[in-house]
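Per this note's numbering, the sequence shown starts with residue 2, numbered consecutively.
Positions of the beta carbon are idealized from the N, C-alpha and C atoms, including for glycine.
This report refers to the structure that appears directly beneath it.
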Amino acid sequence: MPRCYTEKCSTAKKIETLFRVVPPSLHLALGMTEKEEKAERRALMREHQCSELEVAILVVRKMDIARGLQVDFNM
């Protein structure tokens, strides 16, 4: 699943590790700063005539579906 986690490589004198961090979908959606990610959000903003924050929430919902999460946004 693309865009659902970030990877980190940590090196030291005696150990080298690679680990994945799985932050909440909202953090990932707000952190999307790659050129193609910004273009995708702009296209969604035009399509749905909404703000950048509202588009981020749409992206979060898509991510949560892809991750198999059920989130109640009506809280």
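Separation of K63 and K9 (C-alpha to C-alpha, rounded to the nearest whole angstrom) is 24 angstroms. Residue burial annotation: V23 is exposed, with fewer than 16 other C-beta atoms found within 10 angstroms of its C-beta. Between L70 and L59 the beta-carbon gap is near 15 angstroms, outside 8 angstroms, which marks them as no contact. For V60, the enclosing alpha helix (DSSP H) stretches over residues 53-68. Within the segment 7-53, the beta strand (DSSP E) runs of at least 3 residues that lie entirely inside it are, in chain order, 7-12, 17-22.
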